[in-house]
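>
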Amino acid sequence: MSRQVTKAVFPVAGLGTRFLPATKSIPKEIMTL
């Protein structure tokens, strides 16, 4: 049987400055991809 992946977890670290201004309102750990 084959299952389709619907969710994934990406370990992250740092301040998220490369994702500004998106990370000002939401932590990068819970951003949707």
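Following the UniProt record's numbering, the numbering of the sequence shown begins with 1 at its first residue and continues without gaps. The beta carbon of each residue, even a glycine, is placed where N, CA and C say it ideally should be. Treat the numbers as computed from the prediction; the structure is a model and nothing was measured.
Provide the residue span of the alpha helix (DSSP H) that contains S25, from first to last.
S25 -> alpha helix (DSSP H) spans A22 to S25.
> Under 7 Å: does the beta carbon of L15 sit that close to some heavy atom of the ligand NAP?
With respect to the ligand NAP, the structure offers nothing, as it holds no ligand at all.
> For P17, does the three-state DSSP call read helix, strand or coil?
One point to set straight first is that residue 17 is Thr, not Pro, in the sequence displayed. T17 falls in the helix class under three-state DSSP.
> Helix, strand or coil: how does DSSP classify K7 here?
coil
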